[in-house]
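A.B. asks:
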Amino acid sequence: MPFLSIRSLSRLALALALIAPLAACSGMNRTQQRALSGGAIGAAGGAAIGALTGGSAVTGALIGGAGGAAVGAITR
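For the sequence shown, my numbering gives the first residue as 743, with consecutive numbering after it.
(1) Looking at S779 and G814, is the spacing between their C-beta atoms short of 9 angstroms?
(2) Does R753 come out as helix, strand or coil in the three-state DSSP assignment?
(3) Looking only at its own chain, which residues have a Cβ that is under 6 angstroms from the Cβ of G787, when we skip the five neighbours before and after it?
(4) Spatial neighbours of A785 within its chain, please: CB distance less than 7 angstroms, with the 5 preceding and 5 following residues excluded, ordered by chain position.
(5) Just the C-alpha distance for L751 and A765, rounded to the nearest angstrom, thanks.
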């Protein structure tokens with residue numbers, strides 16, 4: 743019997759992935775924070791759209807992340 747099941751390990755990884763960027767934002771200026779947030783939101787959205795449309799979730803995440811980071815960086 744394994745210590746952590748795949749399901750609980752996946753949940754732990756997701757929780758860490760969502761919490762870790764918050765700690766990284768403390769030393770950033772507002773433009774950098776918006777770029778990071780935009781990239782994260784874009785990557786999540788791109789992965790979801792890619793998976794739902796039958797495409798590659800990884801490709802969707804890469805495209806969405808790049809677009810989100812760019813929009814976040816230029817937004818005031």
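Think of the CB as a built atom: it goes at the ideal place given N, C-alpha and C, for glycine as much as any other residue.
C.D. replies: To lay it out plainly:
(1) Residue numbering aside, residue 814 sits at position 72 when the sequence shown is read from its first letter. Residue numbering aside, residue 779 sits at position 37 when the sequence shown is read from its first letter. In this structure, S779 lies closer than 9 angstroms to G814 by Cβ.
(2) Within the sequence shown, residue 753 is the residue found at index 11, counting from 1. Here R753 sits in helix by DSSP.
(3) Stepping through the sequence shown from its first residue, residue 787 is reached at position 45. Contacts found: G806.
(4) Here residue 785 is taken as the residue at index 43 of the sequence shown, counted from 1. Here the set comprises A803, G806, G807 and G810.
(5) Here residue 751 refers to the residue found at position 9 of the sequence shown. Here residue 765 refers to the residue found at position 23 of the sequence shown. Between L751 and A765, the C-alpha separation is close to 21 angstroms.
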